[in-house]
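Residue numbers (the numbering used here), protein chains in the order written: chain A, 1471 to 2075; chain B, 1471 to 2075. Note that the Cβ used here is the ideal one computed from N, Cα and C, for glycine as well. Here the structure is a predicted model, which is why all the values come from computation and not from measurement. Presented below is the structure to which this report refers.
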């Protein structure tokens, strides 16, 4: 069950100020993208771990709309941080090894200059006169802070949600300043639905009579009702419907015992009212307007072409993670980011984490055992002194072999790939084939895999791996983006065979397809003599009714298929893997495994 | 692209009163479920078509939260109705044939008694003193109206969303008063997420300083801002994210030219502000609170057992329709209704309509070509003088045959089913087998089908058909609910073979499974002699790479499977459909099609 991470942190934040905050007033004014100028900007931040002598072990954490600099506790007795699961000694962002920096956002109300700060021109709070602020402005302030601290190049920038927007901006505006970008539960821009919720929230604040045009700081009441309503709407969008059911269905009509001035008929209502009122105690309404508007104005483009252009300056490596039940920052939006990066030949890995926790998933422990290790693996491989990759267990013996464990087909496929080629491996598993190719210094290696756990394995091998279902096509990849596209024993598990083969030949100059041969004499005999469905696909123990394989073909079948589809067969290798030999004659009977090198008739080299 | 149905109707409703409204003041007080009493209740309603002399051609339409009695136009020049696509001459609810009645809801503000009506005790509007009203109270008023009009038994009650809540209540409270219930985009109760949105909306109204504790009628300003905010939130939930993108992504930052006192930075914001302000002109805030609270308090239960108990009084036939992108009243909630009805042995059909239009789908023309015809078919079969079912085209020749068109297997399956049995047909298509069984007066016939178009075909044959994916199990059905469960040539297309067979034997006393025999001598020869994947499954034209079939088995394989799973084979019929004969010896070689009658070893009769 999803815990309410706001519960604990809110309680503490209200009670007392942050104890470990440092702050600095930046030298010189900040010129904002809106044209406004802020003469003095103070930045509040917290740091963890030690900056090394070469100042190349720093990681910047960017917080989301209602977060602050207290990303993690500084010691066991310290107040909890909002991302304790990720940041700390021995954690994926390991403060024993890295110097971690987390500043409060420009426009916020937790120590960094924002609408509630004093405007030096008037001696009063900025209020509604605080200039429109963008994500780019926030990143500019963060960059000035890094300069002040003497940090040149970051190991990584890490952020979720609006923190992800900052991370994307870092990578595109200051490509020389980071080696890696970790983007969780984020998007190139908000959906219209997400914008709509924010609009209603801001309207609730601005139309609250106590808003007083934004200058409510010296009034007896501020726009607490409006801000609470905005927060209630926000809370609904942070949770998935499933998480809400888990929290509130059991005691649907039994409101929690909280003193609130909002409707208490339903359990969920008492919760929202309570959250709304607590938020009012710790957050400034003008900051909420400023930060949510910055989020809503963030826009890297709405088309693949615009996104590719936006990302073109980036040079870092990328890890992009989405969460399946996140309907505020939807997985398809993360895929838009990933697809643009792929189009740009960037080094990117992606996984959509199966989760019930909605947008909040990136802050909660529920799914952390999986995605936390992905972040660890990715960051470890960035340096400064890369941790030696752990010995990775290969797939279970037999999972991809035909009659024995040795991958004779891998040996041959590695030989078939020309030197310095770029290779896309469809159904790459934990990356065994790609890892072998990596030893040979190939130009670019990318894997596509459906299984979350195997993706983690591939990340640990320091490979680029993209979470995708082959049956949905390879839209992310451009025409002829790779020299070779490999489909190694994955074909039998593919539903849309013709579509996948067409896609691999669109994306690759050549395709390498390997599959078990249904017409191998032993298999023929099973049907012809025993009257039983041949059983030699995938795992030997699988049966006709529970194998993952759903397509069965012989060498002759594949050759007919290629002829029908105008696919040119450039080479055919027939293997008897049992005997460990290549088969020269009568391949459709004597070979248990076939490898075809294919290309489009028209375009193949 | 989804049209905005609120756009047109709102514009008209604001401008002028409804012209065809009739109204009646019910004799005697209405005692509400909350304990309150309303001494005089006026009901506003509209009617279409003519009530016949036996008063048995009436259909009641129940409207949703912001609807009214004007369900359809009364003539070509009349103002548009909110459900013109469904109701009218020649429409699915055909006013040439049926007498259609649509009353405004109790608690509303469009002619029926509500919070803005004068409280006879005080001479002032009820305002906040209007008693808590339930869906049951609304239905009670509708019942009294029927009595007044001399209508005994309805052909059907039809409603979407909250109209669906009323329909469910009609069927369970007054089972003798309707033959059929058509429930669209509804639920047994709201999700916690949907409740949450309503709570925020009501808070926005009640905490608006112009609410004046609910007695704002004689004030210069009412709680217009709060009501507009509530309406904005509602609008977001009525649209799917896809529909919102279609509406607003192209001109994201170009707000529409509307005079609104709300944020206009974004296109979606200008739309919501405009909708909110228009709603304020035509709707009463207290009515909104009353009706949304009635909806939120509606609760037929949260467990399958509670739902089955709630539905147990119902006697009518049911058509339940949900829409795939509806996240406010989710398809799984309609399935909860359907599952409870199935558990109760009710006559029910269900389809989840593939749609991009969200909750509004049931009001929009986008998907109407499919679900409108389902409503027509269902209502036509209810009477009073049933329309002769149209001649239904069977599946394409060959789609389910082995070597020729005649369904020899159907002949044999029909013989295998004992007289007066209850039968569940898994993968029933348009219901050809069930239609044959229907001629023989079987006790209960139900089909399960995945394809929307085939479901329409089965509805036209007056069959009960449930939209479901077999691979997800048969949770809707109780243990041993059917005498026979048939899986006729659907097995090869099933991914989870063991699961589906286990489910059929849980749900049925016996199972009848037919499938093509992979070990038929012609197929053996294809592999053994030609070295090619046998091709004789499903459509003959299908090939190994594009057939819908993914499981291939011989008679011997199935027998081994049954032995492994402790399934008792009660009878085996082996057919050579090409020769049109039953095969007596060497079936695994000589038969192209097998029919097995199976049961669980322990429980089978």
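Chain-ordered neighbours of residue i on chain B, where CB pairs are closer than 9 Å
i                       : result
residue 1661 of chain A : 1711, 1714, 1715 and 1719
Same chain, Cβ closer than 6 Å to residue i, five either side skipped, listed in chain order
i                       : result
residue 1822 of chain B : 1792, 1794, 1801 and 1937
residue 1602 of chain A : 1504
residue 1562 of chain A : 1556, 1842, 1845 and 1846
residue 1558 of chain A : 1542 and 1565
residue 1990 of chain A : 2062
residue 2070 of chain B : 1975
residue 1668 of chain A : 1762 and 1766
residue 1702 of chain A : 1742 and 1746
Residue i beta carbon near the ligand COA (any heavy atom closer than 7 Å)
i                       : result
residue 1635 of chain A : Among the components modelled here there is no ligand, and therefore nothing to report on the ligand COA.
Neighbourhood of residue i by C-beta distance below 8 Å, restricted to the same chain and skipping five residues each side
i                       : result
residue 1604 of chain A : 1502, 1503, 1504, 1764, 1767 and 1768
residue 2045 of chain A : 1878, 1879, 1882, 2051, 2052, 2053, 2061, 2062, 2063, 2064 and 2065
residue 1864 of chain A : At residue 1864 of chain A the pLDDT is 44, less than 50, meaning the model places this residue with poor confidence; the figure from the coordinates comes in the next sentence. So the list reads 1900 and 1902, once near-sequence residues are dropped.
residue 1774 of chain B : 1806, 1809, 1810 and 1813
residue 1997 of chain A : 2003 and 2004
residue 1826 of chain B : 1472, 1710, 1712, 1713, 1716, 1795 and 1836
Per-residue contacts from residue i into chain A (C-beta, under 7 Å)
i                       : result
residue 1679 of chain B : 1679
residue 1807 of chain B : In chain order: nothing, as chain A lies at least about 17 Å away.
residue 2024 of chain B : 2001, 2002 and 2003
residue 2058 of chain B : 2001
Neighbour list for residue i in chain B, Cβ cutoff strictly below 7 Å
i                       : result
residue 1686 of chain A : None at all; the shortest Cβ gap to chain B is about 15 Å.
residue 2014 of chain A : 2021, 2022, 2023 and 2027
residue 1669 of chain A : 1733, 1736, 1738, 1739 and 1742
residue 1772 of chain A : 1719
Candidates the options: closest to residue i by CA position
i                       : options                           : result
residue 1548 of chain B : B:1489, B:1943 and B:1494         : B:1489
residue 1934 of chain B : B:1728, B:1601 and B:1848         : B:1848
residue 1512 of chain B : B:1578, B:1561, B:1523 and B:1553 : B:1578
residue 1524 of chain B : B:1495, B:1569, B:1914 and B:1904 : B:1569
residue 1573 of chain B : B:1565, B:1538 and B:1589         : B:1538
residue 1912 of chain B : B:1920, B:1886 and B:1926         : B:1886
residue 1630 of chain B : B:1640, B:1995, B:1796 and B:1534 : B:1534
residue 1771 of chain B : B:1694, B:1708 and B:1657         : B:1657
residue 2013 of chain A : B:1968, B:2036 and B:1979         : B:1968
residue 1731 of chain A : B:1692, B:1677 and B:1682         : B:1677
residue 1507 of chain B : B:1954, B:1521, B:1749 and B:1583 : B:1583
residue 1618 of chain A : A:1943, A:1498 and A:1915         : A:1498
residue 1528 of chain B : B:1518, B:1496 and B:1624         : B:1624
residue 1786 of chain A : A:1803, A:1493, A:1722 and A:1818 : A:1818
Outcome for residue i when other beta-carbon atoms lying within 10 angstroms are tallied against a minimum of 16
i                       : result
residue 1924 of chain A : buried
residue 1585 of chain B : buried
residue 1607 of chain B : buried
residue 1945 of chain B : exposed
residue 1540 of chain B : buried
residue 1635 of chain B : buried
residue 1733 of chain A : buried
residue 2036 of chain B : exposed
residue 1588 of chain A : exposed
residue 1824 of chain A : exposed
Beta-carbon separation (whole angstroms), residue i vs residue j, contact threshold 8 Å
i                       : j                       : result
residue 1612 of chain B : residue 1530 of chain B : 7 Å
residue 1852 of chain A : residue 1713 of chain A : That pair is no contact at about 32 Å.
residue 2032 of chain A : residue 1982 of chain A : Not confirmed; about 13 Å, so no contact.
Nonlocal neighbours in the same chain, by C-beta distance under 7 Å from residue i, ignoring five residues either side
i                       : result
residue 1966 of chain A : 1941
residue 1782 of chain A : 1814
residue 1597 of chain A : 1585, 1684, 1685, 1687 and 1756
Per-residue contacts from residue i into chain A (C-beta, under 8 Å)
i                       : result
residue 1699 of chain B : 1670, 1673, 1674, 1677 and 1699
Proximal chain A residues relative to residue i, where beta-carbon distance stays under 9 Å
i                       : result
residue 1702 of chain B : 1666, 1669, 1670 and 1673
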